[in-house]
Amino acid sequence: MAPLKKFDKFRDIQAEIDRSGSAIFQDANGVEALIIKSPYQINYIHSYAEDSAFFLGLAEGHLLGSRCTNKECGFVYATPRGHCMECGEPTAWLELPKGGKLHSWTTCHFGSEAFLKETPYNLCLVEFEGAGSLLLARLKDCVESDLYVGMPVEARFDPKPKYSITDVWFVPAKGGSAPPKAGSSGRGRARP
Ligand SMILES: [Zn+2]
Numbered sequence: 301m302a303p304l305k306k307f308d309k310f311r312d313i314q315a316e317i318d319r320s321g322s323a324i325f326q327d328a329n330g331v332e333a334l335i336i337k338s339p340y341q342i343n344y345i346h347s348y349a350e351d352s353a354f355f356l357g358l359a360e361g362h363l364l365g366s367r368c369t370n371k372e373c374g375f376v377y378a379t380p381r382g383h384c385m386e387c388g389e390p391t392a393w394l395e396l397p398k399g400g401k402l403h404s405w406t407t408c409h410f411g412s413e414a415f416l417k418e419t420p421y422n423l424c425l426v427e428f429e430g431a432g433s434l435l436l437a438r439l440k441d442c443v444e445s446d447l448y449v450g451m452p453v454e455a456r457f458d459p460k461p462k463y464s465i466t467d468v469w470f471v472p473a474k475g476g477s478a479p480p481k482a483g484s485s486g487r488g489r490a491r492p
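Heads up: the sequence shown runs through residues 301 to 492, numbered per the working numbering.
Pasting the structure below:
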């Protein structure tokens, strides 16, 4: 039997583990450890707690944001947020518009296991009228060359909801405006 390959950088072991299932890691003191690959799966039971209404809303085709209850502040977040980041007061739910504008995007050529089948895919930040923060979601049914900052987009909801943030995504709005002339579009720009 051929001796196991040795590595002194753990990241270099990954490819060998994928290929053969085992390797030797030699640390800075010369100590050698046998590294093997074995399946691992858990079911993670957890609570959405006060964010629950957001996910229940997605399942019914509603996009919920949160508004600060302090009348002097009234900041609107395009995401669940229990308390206001501006003034610290509690927030209340409000329904966001189904449509917004493309604030920025990125095309992902690699993703976590849940997204590998869709790779490459677009992630976008969406602006909503009246909201002071952005929502991160996938952007589907488009090619990257058609995208521009400010492009109207519309929410789509998974008809078989999984109570996950992936229950919502965006597509270019039907009848959306033509892209602006060269020089006024951009990619990946975001306000600080
Ligand atoms: Zn506030």
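A virtual CB, placed ideally from N, CA and C, is assigned to each residue, including glycine.
Discussion item. Here's the rule I'm using: 16 or more other beta-carbon atoms within 10 Å means buried, otherwise exposed. How should C387 be labelled?
Written reply: exposed
Fill in: Cβ shell of K417 (< 6 Å), same chain only, five flanking positions each side left out
none
Practice prompt. Assign H409 to one of two classes, buried (16 or more other C-beta atoms within 10 Å of its C-beta) or exposed (fewer than that).
Written response: exposed
Worksheet item: According to the Cβ coordinates, are F375 and G432 closer than 8 Å?
Response: yes
Worksheet item: Within this structure, are the beta carbons of R438 and L425 separated by less than 8 Å?
Response: no
Worksheet item: For the stretch 343-359 against the stretch 380-396, are there 3 or more C-beta pairs whose distance is under 8 Å?
Response: yes
Worksheet item: Quick one: Cα of E510 to Cα of V331, how far?
Response: Outside the modelled stretch of the chain, which goes from 301 to 492, sits residue 510, for which no answer is possible.
Worksheet item: Regarding C408 and ligand 1, is the C-beta to nearest heavy atom distance less than 7 Å?
Response: no
Worksheet entry | Check whether T379 and G365 have beta carbons under 8 Å apart | yes
Discussion item. Which same chain residues end up closer than 7 Å to I313 when comparing Cβ atoms and leaving out the 5 residues on each side of it in sequence?
Written reply: F307, A323, F325 and I335
Worksheet entry | A349 versus A473, Y463 and A315, residue with shortest Cα-Cα distance | Y463
Item to complete: Verify the contact flag: I422, CB atom, against every heavy atom of ligand 1, threshold strictly below 7 Å.
Response: A small correction: the amino acid at residue 422 is Asn; Ile does not occupy that position in the sequence shown. No, ligand 1 has no heavy atom inside 7 Å of this Cβ.
Worksheet item: For ligand 1, is there a heavy atom less than 7 Å away from the beta-carbon of C442?
Response: no
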